[in-house]
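The next block holds one structure in the form of structure tokens; read it before the comments.
In this note's numbering, the protein residues as written are 31 to 599.
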């Protein structure tokens, strides 16, 4: 038995550390622990502040999926005060949100996850002519000629020969579990570089609608603060709409012609991963992209799938959510055996772990700065796979067609979705669905502007004098990485209590009082590991949950000796 530690896996929403036990005789993981090793305490910082300002602080929780905490926070305040936003403000918010997804998912695929499947050094051995033939066999995207791929190969060669590998320096090149031929690796490298340029251009949508990116500045409780006037140079006008639509059309084409063909091509070499990474089997989606004032009228449906059964979608009741801290570095008044609903939640840190520097955290007791969220006592996976499964089971026509076609292309059954490979497939399908929808919402926004529907704020309950003495509310939101909830208790016009349950908490949280493993922990158990000193397979499954960005890896062998260290920054 070998103990393998990967630390850090990510530096978003706390440094993530993964500790696993590997049966070296059978070559697979027998136990896994997900450890968040950084405390921040934004919930504590928000206490006593003006609820109208909460979103500005909450947005700073994360600058990658930048706008999500802002909107969840604003929704919580609007829910508490009973505010309904105007249709034009709703459209602007939807375009901002959907753009976040369409920007975030390809970045995850190419820049945060692809190198778990793509061997960069193998691309140096590729035949550019054969790479061109491969590219043209899966898409009509241009450029795709042999000279183009030869140029990419030359750039890569110079990069490698310089000895300054940058983002490519911390990997397991030549690992026996890499399966792509050199030509497929070169194609992926070329599109890795193209995606860098594409995303930089596409996210201008956020700058136009939000003033800047990351951390947009145009949101406000009751609507948005972006002025709308089709004929004013100082407002969101017809010219701005034309630019947004052009960027959306280009994004839809990039997703359809580059991202999805690459995803399916790479997946075809790794179909064995359709049997690996099977998690807790329970999936939660709050639903997203409101189509009207009716909370149930959303483009991506809400619902719960239990035990991988797609024949029934259960309704979501936020009152059934509780967070447990029995294995976390927190404490609750009255004891840690029971979970607490976020309205009654507490953020009281109590660190009982080892004093740094340490070799192992010690997972027999408390081992994480994440709490363990549960729905009716069950661990739930959240994210693109959860959303697409709920949409599929709910009969969402576009989602069903895309998923069925992808499964047919790969010749795998529907059960393949409950896997590491399935997570990546779901993320890709969702990106195309939303890329197409942004165009529709932009056209709808243009129509509103043409009809003079320019109201961007509810115009009520902004002044605290209109508020009740006490109010409680929640904002449920689907971030790219999954179900996000903010709960607020307003008392005497200020924040009395504030709690966030974020996607990383759902997916990466530790065991609960009953000993139930979290989704990532469960998904890792049974994962094959060819070489404990090069745990590529661990990264594949953990990164499939998109814990944001892989900044470095720190591994120890069973004797506690440092085997590999990459300093970040």
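C-beta atoms are modelled at their ideal positions from N, C-alpha and C, and glycine is treated no differently.
Buried or exposed: where does residue i fall if 16 or more other Cβ atoms within 10 Å of its Cβ makes it buried?
{"i": "residue 585", "result": "Confidence is the limiting factor: at residue 585 the pLDDT is only 34, short of 50, which leaves the residue's position unreliable, though a coordinate-based value still follows. Label assigned to residue 585: buried."}
{"i": "residue 153", "result": "buried"}
{"i": "residue 529", "result": "buried"}
{"i": "residue 43", "result": "With a pLDDT of 43 at residue 43, under the threshold of 50, the predicted position of this residue should be treated as unreliable, though the coordinate-derived value follows. Answer is buried; the Cβ neighbour count reaches 16."}
{"i": "residue 38", "result": "buried"}
{"i": "residue 544", "result": "exposed"}
{"i": "residue 54", "result": "exposed"}
{"i": "residue 508", "result": "buried"}
{"i": "residue 427", "result": "exposed"}
{"i": "residue 69", "result": "exposed"}
{"i": "residue 552", "result": "buried"}
{"i": "residue 317", "result": "buried"}
{"i": "residue 535", "result": "buried"}
{"i": "residue 34", "result": "buried"}
{"i": "residue 194", "result": "exposed"}
{"i": "residue 172", "result": "exposed"}
{"i": "residue 177", "result": "exposed"}
{"i": "residue 166", "result": "exposed"}
{"i": "residue 112", "result": "exposed"}
{"i": "residue 401", "result": "buried"}
{"i": "residue 550", "result": "buried"}
{"i": "residue 480", "result": "exposed"}
{"i": "residue 434", "result": "exposed"}
Note down, in chain order, each residue of its chain lying with its Cβ closer than 6 Å to the Cβ of residue i, except the 5 sequence neighbours on either side.
{"i": "residue 366", "result": "355 and 356"}
{"i": "residue 146", "result": "569, 570 and 573"}
{"i": "residue 311", "result": "337 and 338"}
{"i": "residue 376", "result": "362"}
{"i": "residue 124", "result": "319 and 471"}
{"i": "residue 47", "result": "37, 65 and 67"}
{"i": "residue 52", "result": "32, 34, 59, 559 and 562"}
{"i": "residue 102", "result": "505, 507, 514 and 516"}
{"i": "residue 307", "result": "449, 450, 553 and 571"}
Whose C-beta lies closer than 7 Å to the C-beta of residue i among residues of the same chain, with five residues either side of it excluded?
{"i": "residue 467", "result": "128 and 329"}
{"i": "residue 456", "result": "414, 415, 418 and 447"}
{"i": "residue 229", "result": "133, 136 and 137"}
{"i": "residue 564", "result": "202 and 205"}
{"i": "residue 566", "result": "146, 202, 205 and 207"}
{"i": "residue 237", "result": "243"}
{"i": "residue 546", "result": "409"}
{"i": "residue 521", "result": "500"}
{"i": "residue 265", "result": "257, 258 and 259"}
{"i": "residue 241", "result": "247 and 248"}
Contact defined as beta carbons within less than 8 Å: I believe residue i pairs with residue j. What is the distance between those atoms, to the nearest angstrom?
{"i": "residue 478", "j": "residue 121", "result": "7 Å"}
{"i": "residue 36", "j": "residue 568", "result": "6 Å"}
{"i": "residue 486", "j": "residue 119", "result": "5 Å"}
{"i": "residue 513", "j": "residue 420", "result": "At roughly 11 Å, the Cβ-Cβ gap does not stay under 8 Å, so residue 513 and residue 420 are not in contact."}
{"i": "residue 540", "j": "residue 313", "result": "Contact doesn't hold; Cβ gap of about 20 Å is too wide."}
{"i": "residue 369", "j": "residue 408", "result": "In fact, because the Cβ distance is near 11 Å, the residues do not count as touching under 8 Å."}
{"i": "residue 81", "j": "residue 518", "result": "6 Å"}
{"i": "residue 472", "j": "residue 271", "result": "6 Å"}
{"i": "residue 531", "j": "residue 505", "result": "With a Cβ gap of about 11 Å, residue 531 and residue 505 do not count as contacting."}
{"i": "residue 93", "j": "residue 244", "result": "4 Å"}
{"i": "residue 380", "j": "residue 399", "result": "Wrong, their Cβ atoms sit about 11 Å apart, outside the cutoff."}
{"i": "residue 432", "j": "residue 459", "result": "4 Å"}
{"i": "residue 254", "j": "residue 469", "result": "Between residue 469 and residue 254 the Cβ distance is about 20 Å, and since that is not below 8 Å, they are no contact."}
{"i": "residue 215", "j": "residue 156", "result": "6 Å"}
Mind checking who residue i pairs with in its DSSP beta bridge?
{"i": "residue 502", "result": "519"}
{"i": "residue 49", "result": "35 and 63"}
{"i": "residue 508", "result": "513"}
{"i": "residue 358", "result": "398"}
{"i": "residue 524", "result": "521"}
{"i": "residue 529", "result": "517"}
{"i": "residue 328", "result": "320"}
{"i": "residue 352", "result": "404"}
{"i": "residue 335", "result": "313"}
{"i": "residue 370", "result": "353"}
{"i": "residue 29", "result": "Nothing about residue 29 can be reported from this structure: the residues present for the chain run from 31 to 599 only."}
Indicate whether at least one CB of chain B lies closer than 8 Å to the CB of residue i.
{"i": "residue 542", "result": "Structure shown: chain B not included; a single protein chain is present."}
Using a Cβ-Cβ cut-off of 8 Å (strictly less than) and excluding sequence neighbours within five positions of residue i, which residues of its own chain qualify?
{"i": "residue 286", "result": "462 and 465"}
{"i": "residue 323", "result": "114"}
{"i": "residue 344", "result": "333, 334, 335 and 336"}
{"i": "residue 109", "result": "503, 504 and 505"}
{"i": "residue 497", "result": "111, 491, 520 and 523"}
Task: Whole runs of the alpha helix (DSSP H) within the stretch 280 to 315, excluding any shorter than 4 residues - done: 290 to 297
- [ ] For the stretch 122 to 191, list the beta strand (DSSP E) runs that are entirely contained and at least 3 residues long, ordered along the chain.
- [x] none
Task: Unbroken stretches of the alpha helix (DSSP H), 4 residues or longer, contained in the stretch 206 to 275 - done: 212 to 232 and 234 to 240
Task: Every unbroken alpha helix (DSSP H) inside the stretch 415 to 440 [4 residues or more] - done: 427 to 440
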